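J.: Quick note, the sequences are listed as chains G and R, same order.
Going by the numbering used here, the first sequence opens with residue 4, and the numbers climb by one from there.
Going by the numbering used here, the second sequence opens with residue 4, and the numbers climb by one from there.
No residue lacks a Cβ here, since even glycine has one placed at the ideal position from N, Cα and C.
None of the values given here were measured: they were computed from a predicted structure.
Below are the structure tokens for one structure; questions will follow.
Number of protein chains: 2
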Amino acid sequence: MFRILLSVILLFSLTHATDTLPSWNEGSSKQSIINYVSTVTKEGTVDFIPVKDRIAVFDNDGTLWSEQPAYFQLFFAMDRVKATASEHPEWKTTEPFKSVLANDMHGVMKSGEHGLIQIVNATHSGMDVETFQEEVKEWLKTAKHPTTDRPYTDLIYQPMMEVIRYLEANDFKVYIVSGGGIDFMRAFIPEMYAIPEEHIIGSSGKVHYKDGKIMKDADIYFIDDKETKPLAIYRNIGIRPVAAFGNSDGDFAMMLYTEANKKAKTLQLYVHHTDEKREFAYDRKSHIGKLDKGLDYAKEHNWTIVDMKNEWKIVYPFELIK
Amino acid sequence: MFRILLSVILLFSLTHATDTLPSWNEGSSKQSIINYVSTVTKEGTVDFIPVKDRIAVFDNDGTLWSEQPAYFQLFFAMDRVKATASEHPEWKTTEPFKSVLANDMHGVMKSGEHGLIQIVNATHSGMDVETFQEEVKEWLKTAKHPTTDRPYTDLIYQPMMEVIRYLEANDFKVYIVSGGGIDFMRAFIPEMYAIPEEHIIGSSGKVHYKDGKIMKDADIYFIDDKETKPLAIYRNIGIRPVAAFGNSDGDFAMMLYTEANKKAKTLQLYVHHTDEKREFAYDRKSHIGKLDKGLDYAKEHNWTIVDMKNEWKIVYPFELIK
């Protein structure tokens, strides 16, 4: 399925090579993206941005693939708890593991941040980075998303992949700046999105170097969210972006940081989850991907707000196979 | 002078476009670099490395520019102490600032690591990153290296610049992975070496985000040296390099990490400071750029060891102006 999908995405891109953003309906968001790119790449004009400064940053969860009913990385961690439970008999009677093993999502959530960190520590440490990434790759081959029963890699947004390709075709460097785990993302994004490892920035755990290997330790090193997203951009990229794409208040600081770029015209775009039928509908009150303060600001400041329901012809690549 | 030098480097590169590594004497190091690059870029052979995996990492101080009699960044910090002393009358009587103001290098060194951190904190914090980089740029315009009386930017190694360009011409991605401060390096490396900000990894201080700016705080966040260099490579690049260039034991772990790459043939190169006349001669006993354990290992394992005195036709670009 995975290979078929990649072929379809490729084929679709080729047959629609003359269209820009073929999966987007004509509308204000498509127009604002195309206007922006056309304007800043026109040499000899005041808004022209030199190639070296064309840095675009994208959130991942909820911006490039789905994030409901919970971040996919949490499902990975829960599946890893189940897969390794026989080595930890104590988990049967200890929270949050007891709830994970009983498939009790409510119980897992009740364990709170402390419980989630325990789950992450138990499943994301004690091995080297390369071994961990192999585990993620293996998991993605068979794991199914709980409400759609599809492979998680089916649930990437075709219209956003087109935006990434369109930017790259115009000499933008595209970076992922996400709250997701850096090793988790590096296990699938290079192949699924065709974005290289070195352009993937995320949250990370502590690591240490031993005998030629990077070993993952049980402790959080850096959470890449809200006000720390600009810090991650500063550390890993070092130039202020000119375009930022997100879907939640977690991306708001990164978008403000981009907007504050004094040297260049900028673009800020929010993916607004308005499509209950094809995807999910949520914003101000969601416990995942909450978009509240950012939405108000975006409206006031004329940022691009994508209405998924009305502006996207299709959401997922598999809708192309018909 | 700066512009003249850049023109000369460019002109030299153009007129010698048919030569590979024109500032290198024929010898084992030049041969090993060319052999390596030719071998791994030959499609259809067992040693071929796909373009996406062609990651090369370079130390900076002592590998791409001089580092004696002390790291140039320390001279910057000392000059900043002097420039801002009027705002800090207490410095006249407090170490390590008293020694800095008296130009007493021995006193500065005697203040030890704690003293150096105080000097760095006093000069590298309390402003936003962009303002700090402007200070570095301004300083580089007029500051002179203490023993050669030349601008610091004169003291980059022309033969190593040619290695960087040669690798890039063969589709390698070149990264700086240095103990130097990330903001200090980003202020001059993009223009001097033509390596972009996002390929520059270094030590960094704590920062926080405020009102669209990255503010530098007085505290060390990450020292990029020895066993932490592989961690920095992992965090910022995410793929194991295939080629590593250094000059000291501080680079040893990064080179071992590269050598441990199981997927590709690798190259490890040490610049060995053997040229007392044109540059400096030091290795096992130097307090800066000590090369001891690494030198033994390099000899035993057939790493490339550059004998600066005998293998480099010229050291610095200004030697081309004659």
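Measuring straight from C-alpha to C-alpha, what distance separates R:Ile223 and R:Thr87?
T.: Cα to Cα, the separation comes out at about 21 Å.
J.: Please return the same chain residues whose Cβ sits closer than 7 Å to the Cβ of G:Gln76, not counting the five positions on each side in sequence.
T.: Result list for G:Gln76: Gly183, Gly184 and Phe187, in chain order.
J.: According to DSSP, simplified to helix, strand and coil, what is R:Val123?
T.: Helix, per DSSP.
J.: Would you check if there are 3 or more beta carbon pairs closer than 8 Å linking the stretch 54 to 68 of chain R to the stretch 247 to 254 of chain R?
T.: With a cut-off of 8 Å, the stretch 247 to 254 of chain R and the stretch 54 to 68 of chain R count as touching, because enough Cβ pairs lie within range.
J.: Candidates G:Glu133, G:Glu98, G:Met164 and G:Leu104: which alpha carbon is nearest G:Glu116's?
T.: Ranking G:Glu133, G:Glu98, G:Met164 and G:Leu104 by Cα distance to G:Glu116 puts G:Glu98 first.
J.: Pick out whichever of R:Ile217, R:Asn305, R:Glu314 and R:Glu279 has its Cα sitting closest to the Cα of R:Gln71.
T.: Ranking the options by Cα distance to R:Gln71, first place goes to R:Glu279.
J.: Quick one: complete alpha helix (DSSP H) runs, 4+ long, within the stretch 135 to 186 of chain G?
T.: With a minimum length of 4 residues, the continuous alpha helix (DSSP H) runs that stay inside the stretch 135 to 186 of chain G are 161 to 172.
J.: Would the beta-carbon of G:Tyr285 fall within 9 Å of that of G:Leu158?
T.: No, these two residues do not count as a Cβ contact at 9 Å.
J.: Establish whether the CB of G:Glu194 and some CB of chain R are separated by less than 9 Å.
T.: No - not a single Cβ of chain R is within 9 Å of the one on G:Glu194.
J.: Once the 5 residues before and after G:Val148 are set aside, which same chain residues still bring their CB inside 8 Å of it?
T.: A small fix is needed here, since residue 148 of chain G is His in this sequence, not Val. So the qualifying residues of the chain are Ser69, Phe75, Phe78, Pro154, Tyr155, Asp157 and Leu158.
J.: Are the Cβ atoms of R:Ile120 and R:Val111 separated by less than 9 Å?
T.: In this structure, R:Val111 does not lie closer than 9 Å to R:Ile120 by Cβ.
J.: Looking only at its chain, what residues have a beta carbon closer than 8 Å to the beta carbon of R:Phe255, apart from the 5 residues adjacent to it on each side?
T.: Lys229, Gly249, Lys296, Gly297 and Tyr300, listed in sequence order.
J.: Look at the alpha carbon of R:Pro193 and the alpha carbon of R:Ile203, and state the distance between them as a whole number of angstroms.
T.: Cα-Cα distance, rounded: 9 Å.
J.: Please confirm if R:His304 has its CB atom under 9 Å from at least one CB of chain G.
T.: No, because no Cβ of chain G sits closer than 9 Å to the Cβ of R:His304.
J.: Does the stretch 254 to 272 of chain R come close enough to the stretch 231 to 245 of chain R that 3 or more CB-CB pairs lie under 8 Å?
T.: Short answer: they touch.
J.: Taking 9 Å as the cut-off, decide whether the C-beta atoms of G:Leu294 and G:Asp252 are in contact.
T.: Yes. Within cutoff.
J.: Closer than 8 Å between beta carbons: that is the criterion. Which residues of the stretch 54 to 86 of chain G meet it against chain R?
T.: So the list reads Lys55 and Ile58, given in the order they occur along the chain.
J.: Return no unless some Cβ of chain R is closer than 9 Å to the Cβ of G:Ser214.
T.: Reading off the sequence shown, one finds Asp at residue 214 of chain G, where the question assumed Ser. Judged by the 9 Å Cβ criterion, G:Asp214 is in contact with chain R.
J.: Leaving out five residues on either side along the sequence, give the residues of the same chain with a beta carbon under 6 Å from the beta carbon of G:Tyr288.
T.: The sequence as given places Lys at residue 288 of chain G; Tyr does not occur at that position. Same-chain partners within the cutoff: there are none.
J.: Go ahead and pull the three-state DSSP assignment for G:Phe61.
T.: It is a strand residue.
J.: Alpha carbon to alpha carbon, what distance is there between G:Ile36 and R:Ala197?
T.: Roughly 30 Å separates the two Cα atoms.
J.: Are there any heavy atoms of the ligand SAM lying less than 8 Å away from the beta-carbon of G:Gly208, as far as the coordinates show?
T.: Judged by which ligands are present, the structure shown has none, so any question about the ligand SAM falls away.
J.: Which residues mark the beginning and the end of the alpha helix (DSSP H) in which G:His109 is found?
T.: Here the alpha helix (DSSP H) through G:His109 covers Met108 to Lys113.
J.: Rounded to the nearest angstrom, how far is the Cβ of G:Ala221 from that of G:Asn106, given a contact under 8 Å?
T.: With a Cβ gap of about 24 Å, G:Ala221 and G:Asn106 do not count as contacting.
J.: Let me make sure I understand the geometry here. Which of G:Ala235, G:Gly129 and G:His290 has the alpha-carbon closest to that of G:Ser181?
T.: It is G:Ala235.
J.: Using a Cβ cut-off of 7 Å, pull out every chain G residue sitting near R:Tyr237, in sequence order please.
T.: Near R:Tyr237 (Cβ distances below 7 Å), the residues of chain G are Val132, Val210 and Ile217.
J.: Are R:His91 and R:Phe100 touching if we call contact CB-CB under 9 Å?
T.: Yes.
J.: In chain R, which residues lie less than 8 Å from G:Arg287 when you measure between Cβ atoms?
T.: By Cβ distance, chain R contributes nothing, its closest Cβ being about 24 Å from G:Arg287, past 8 Å.
J.: Can you tell me where the alpha helix (DSSP H) holding G:Tyr74 begins and where it ends?
T.: Neither: G:Tyr74 is in no alpha helix (DSSP H) and is coded neither H nor E.
J.: Of the residues G:Met81, G:Val49 and G:Tyr160, which one's Cα is nearest the Cα of G:Ser26?
T.: Comparing Cα positions, the closest option is G:Tyr160.
J.: What does G:Tyr260 touch in chain R if you count any residue whose Cβ is under 9 Å from its own?
T.: Tyr212, Gly215, Lys216 and Ile217, listed in chain order.
J.: By Cβ distance below 8 Å, which residues in the same chain neighbour R:Met163 in space, the five residues on each side in sequence not counted?
T.: Closer than 8 Å at Cβ, skipping near neighbours: Phe61, Thr66, Leu67, Phe248 and Val274.
J.: Take the Cβ of R:Asn305 as the centre, count every other Cβ of all protein chains shown within 10 Å, and call the residue buried at 16 or more, exposed below.
T.: Its Cβ having fewer than 16 others within 10 Å, R:Asn305 is exposed.
J.: I need the straight-line Cα distance from G:Ser128 to G:Trp142, nearest angstrom please.
T.: Those two C-alpha atoms are separated by around 16 Å.
J.: Rounded to the nearest angstrom, what separates R:Lys85 and R:Ser114 at their Cα positions?
T.: If you take the alpha carbons of R:Lys85 and R:Ser114, they lie about 17 Å apart.
J.: The alpha helix (DSSP H) with G:Ser128 in it runs from where to where?
T.: Element bounds for G:Ser128: n/a, residue is neither H nor E.
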